[in-house]
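Residue numbers for the sequence shown follow our numbering, beginning at 9 and rising by one.
Quick notes on the structure that follows.
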Amino acid sequence: MQEHGVLNRILFFYVFCEIKLSTKEIFPIETMSDSAIIIRNFIEDYHEKQEENYLFTRVRKANQ
Numbered sequence: 009m010q011e012h013g014v015l016n017r018i019l020f021f022y023v024f025c026e027i028k029l030s031t032k033e034i035f036p037i038e039t040m041s042d043s044a045i046i047i048r049n050f051i052e053d054y055h056e057k058q059e060e061n062y063l064f065t066r067v068r069k070a071n072q
């Protein structure tokens with residue numbers, strides 16, 4: 009569940025970026041690319057792999 013919390017915080021950050029971009033306010037644009045790296049490394053490479061190894065295995069077993 010902690011991983012979902014990280015993802016939710018990043019999504020809230022993207023909303024913040026959207027507001028800043030639409031109002032043409034200045035903010036550190038590199039933070040957007042940094043958050044994309046977090047999503048790639050943490051969410052896709054780590055979290056999804058955990059789900060595949062743990063959760064999906066249990067679901068498959070339950071259906072047998």
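For glycine and all other residues, C-beta sits at the position ideal for the given N, C-alpha and C.
Predicted model only: the values in this text are computed from it and were never measured.
CB-CB length for residue i against residue j, believed under 8 Å
i: I51; j: L19; result: Contact doesn't hold; Cβ gap of about 11 Å is too wide.
i: F35; j: K28; result: 5 Å
Cα-Cα separation, residue i to residue j
i: V23; j: I37; result: 14 Å
i: G13; j: H55; result: 12 Å
i: K32; j: A44; result: 21 Å
i: T39; j: N71; result: 43 Å
i: D8; j: S30; result: Examination of residue 8 is not possible in this model, given that the chain is present from 9 through 72 alone.
i: Q10; j: E26; result: 25 Å
N-terminal and C-terminal residue of the alpha helix (DSSP H) that residue i is part of
i: K32; result: Run containing K32: none; DSSP gives neither H nor E here.
i: E38; result: 38-46
i: F64; result: 64-70
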